Every structure is written in structure tokens, then in C-alpha cells.
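Following: one structure in C-alpha cells, then a few remarks.
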Amino acid sequence: MSDYQPLRPQAKGPIGKLLAPVAGFGVTLGSMFRPTVTEQYPFEKVPPAKRYHGRHQLNRYADGLEKCIGCELCAWACPADAIYVEGADNADVLVETGGGQVSPGERYGRVYQINYLRCIFCGLCVEACPTRALTMSNDFELAGPTRAGMIYEKQDLLAPVAEGALAGPHPMVTGTTDTDYYQGKVTAPTADQVAWVREHRPDDATLEAATAVVEGTRPAPAPTVHTLRPPATKATATREAARGGHAGELTHDTPGGPLSAALDAAGSTARAAATAGPGQTGNGGIR
1 MSDYQPLRPQ AKGPIGKLLA PVAGFGVTLG SMFRPTVTEQ YPFEKVPPAK
51 RYHGRHQLNR YADGLEKCIG CELCAWACPA DAIYVEGADN ADVLVETGGG
101 QVSPGERYGR VYQINYLRCI FCGLCVEACP TRALTMSNDF ELAGPTRAGM
151 IYEKQDLLAP VAEGALAGPH PMVTGTTDTD YYQGKVTAPT ADQVAWVREH
201 RPDDATLEAA TAVVEGTRPA PAPTVHTLRP PATKATATRE AARGGHAGEL
251 THDTPGGPLS AALDAAGSTA RAAATAGPGQ TGNGGIR
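Using UniProt numbering, read the sequence shown as starting at 1 and increasing by one per residue.
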């Protein structure tokens, strides 16, 4: 049995000795000639993934009424205590406006604040919302120079009135309930609503487009849930094509569509679990 011989570095030849001073830069020199992958943000904006959790958005129904009912469930569900909500009665609005209301039903969100210094963008508030009023857009540019500016108010989060809808407050569609609104049975403003707004707010900027919808000269508004993502560039278009999507597209919550069907199925499952007795739930009866 031969004696153990530890491995020794072999002596370098003439070429190795010549290149020894620059051998440590091998990785650096090799990377210099590779194509760059740096994205020139903010000059070249890359659209995030379709399900990216960005800035929140308070949505509206097709006739322009707000979906938020001021129930505060989103604030209770927030693990970071970043949401503050104050609800109010639509009955008070009815007295002030002479018949109009902010949202269908009895209540609406009078105050809605999200502190983005605390928000962790987990999306639990969206899951807790019973009316699908709260969604998360793809907007990620939320930085600001002041701490106070990072507290977004209701007017900062509320979705703009869709083209063809009526800005509230105004009456609900005649003969409907808040359940009808939730089920998507209200698809556009009606002639009665247009007449009411024309009487009480003749200078309303949304009146002309809503009148055209009622007269049938333009299509009914599509309820937009998410804001437009950043404009696509050549590089991002290639990336989105590989993902099977389209850069810069809009996401719509169309009544009866796949999103609505999925949420309805999830809500039915949750209600069944809530009404089941002890020992019948999936977590051993703990609710």
C-alpha cells in the first residue's frame, strides 16, 4: 500500500503564468460580451403578471352606483390593520339629494382609507368583500415623498365612471334590489335615472354618454375591474406571448363570465361550510 500523497497544484506552464494576472477577471470578461437583460425602467415599463397584487380599486356597478356597502369586513380581515372604513346610511343621502343614493341597498362606504405604509398586499381584503367592491389592480408605482400621501382616500381608490354610466348619487333602477345588482341584472343606466340626474345635476359630465346608452346609439358600459397595465414594449410583448396573454390588456368582470362564475362557486362553498354543523366542516368543526 503506497503512502498517501496529498493533491498538489500542478505547476503552470508558460501560458498559464502569462495569463495568471488576469485569470481572476475571467467571469467579468466573459459577461461583458453576453447580451444584457437589464430593463430600462422607468423609460421602458414591463407589465406585471396578470394576478399581481397592486393598488386597490373600489368598483362600480354598470349604472354607476358604488359597490362598497361600508360593511368593514375588509378592515377586519386585514392582518396589517391598514384599512379604515366608515359606513353610512343611504337614507341620509336620499334626504339630502331628493331621491339619489350612493350604492344599492341600505348602506354605503362614506370613508375609505388604505395606509400603504402598512399594507402587505396579501389580498385577504379582496376575499372578504361580500359585494366584489374591492379588487387589486396592477398599479405598483405607489412611492411618494410624504408619509401622509401614502394614505389613500376613497376618491383615490374609486374607479372612474365607465363610459355610458351615470355618476352617483342617483336612484336605483326601478323595481330592483341590491341582490339584483349583485347578480348582474343591472347592465346599464335607465331612462328614469337619466331623467333624475338631468333634473338634479343638469351639468353632470356623464349625462351625455348615459343618454346615448338609453337611446341605443352606443353600447352599454362594461364594468371594468382592473385598470390598464403599463404599455407593452417589444420585449414585453414577446414575454406575454410566451405566457399566453396579451400585454396591456383590460380585465372585465362581466356578469355570467368565468370570473363571476368562479366567485359564485366559491361563495356557495363558503356558505355551505358556514351552515354545516360541528364535525361536518373540513377543519374538524372549527369555524
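For every residue, glycine included, the Cβ atom is placed at its ideal position computed from N, Cα and C.
Here the structure is a predicted model, which is why all the values come from computation and not from measurement.
Bridge partners of residue i, per DSSP?
{"i": "Leu158", "result": "Leu58"}
{"i": "Gln101", "result": "His170"}
{"i": "Ile151", "result": "Asn115"}
{"i": "Val85", "result": "Tyr112"}
{"i": "Thr135", "result": "Gln57"}
{"i": "Glu66", "result": "Arg60"}
Evaluate residue i with the Cβ neighbour count: other Cβ atoms within 10 Å of its Cβ, from every protein chain shown; 16 or more gives buried, anything less gives exposed.
{"i": "Pro47", "result": "buried"}
{"i": "Pro189", "result": "buried"}
{"i": "Ile15", "result": "exposed"}
{"i": "Arg60", "result": "buried"}
{"i": "Asp3", "result": "exposed"}
{"i": "Trp76", "result": "exposed"}
{"i": "Glu141", "result": "exposed"}
{"i": "Pro221", "result": "buried"}
{"i": "Ala165", "result": "buried"}
{"i": "Thr211", "result": "buried"}
{"i": "Asp178", "result": "buried"}
{"i": "Gln10", "result": "exposed"}
{"i": "Gln5", "result": "exposed"}
{"i": "Ala159", "result": "buried"}
{"i": "Ser31", "result": "exposed"}
{"i": "Thr236", "result": "Reliability of the predicted coordinates at Thr236 is poor, the pLDDT of 47 falling under 50, and no value is obtained from them."}
{"i": "Gly216", "result": "exposed"}
{"i": "Gly168", "result": "buried"}
{"i": "Pro202", "result": "exposed"}
{"i": "Pro35", "result": "exposed"}
{"i": "Thr206", "result": "buried"}
{"i": "Val186", "result": "buried"}
{"i": "Ala276", "result": "Low per-residue confidence applies at Ala276: pLDDT is 46, beneath 50, and the placement is therefore not dependable enough to give any value."}
{"i": "Pro21", "result": "exposed"}
{"i": "Val93", "result": "buried"}
{"i": "Gly100", "result": "buried"}
{"i": "Pro104", "result": "buried"}
{"i": "Gly109", "result": "buried"}
{"i": "Gly13", "result": "exposed"}
Determine the closest residue to residue i out of the options, with distance taken between C-alpha atoms.
{"i": "Arg132", "options": "Phe140, Asn138, Gly123, Asp139", "result": "Gly123"}
{"i": "Asp139", "options": "Leu29, Asp89, Phe121, Tyr182", "result": "Phe121"}
{"i": "His56", "options": "Arg201, Ala91, Leu134", "result": "Leu134"}
{"i": "Leu58", "options": "Asp92, Val126, Leu29, Asp89", "result": "Val126"}
{"i": "Lys67", "options": "Val161, Val27, Tyr116", "result": "Val161"}
{"i": "Gly64", "options": "Val95, Val102, Val85", "result": "Val102"}
{"i": "Pro171", "options": "Arg147, Trp196, Val186, Cys74", "result": "Trp196"}
{"i": "Arg107", "options": "Ile69, Ser137, Leu117", "result": "Ile69"}
{"i": "Ile114", "options": "Thr187, Gln155, Pro35", "result": "Gln155"}
{"i": "His200", "options": "Thr97, Ala167, Val213, Ala62", "result": "Thr97"}
{"i": "Leu117", "options": "Val93, Ala148, Cys129", "result": "Ala148"}
{"i": "residue 364", "options": "Gly87, Pro130, Ile151, Ala62", "result": "The requested residue 364 does not occur in the structure, where the chain is confined to residues 1 to 287."}
{"i": "Val194", "options": "Asn90, Tyr181, Ala209, Gly26", "result": "Ala209"}
{"i": "Tyr182", "options": "Leu94, His53, Gly26, Cys129", "result": "Cys129"}
{"i": "Tyr152", "options": "Tyr84, Asp89, Ala191", "result": "Tyr84"}
{"i": "Gly54", "options": "Val213, Leu207, Leu157", "result": "Leu157"}
{"i": "Ala191", "options": "Thr174, Glu163, Arg34, Lys185", "result": "Thr174"}
{"i": "Ala49", "options": "Leu94, Ala143, Ser137", "result": "Ser137"}
{"i": "Val214", "options": "Gly184, Glu44, Glu163", "result": "Glu163"}
{"i": "Cys119", "options": "Ala143, Val111, Arg110", "result": "Ala143"}
Requested in this report: Any chance you could list the alpha helix (DSSP H) runs of at least 4 consecutive residues sitting entirely within the stretch 106-131, in chain order?
Outcome: 124-128
Requested in this report: Please confirm if the stretch 30-48 is in contact with the stretch 76-87, defined as three or more CB-CB distances below 8 Å between the two stretches.
Outcome: no
Requested in this report: Taking only runs that begin and end inside the stretch 191-220, name each unbroken alpha helix (DSSP H) of 4 or more residues, in chain order.
Outcome: 191-200, 207-215
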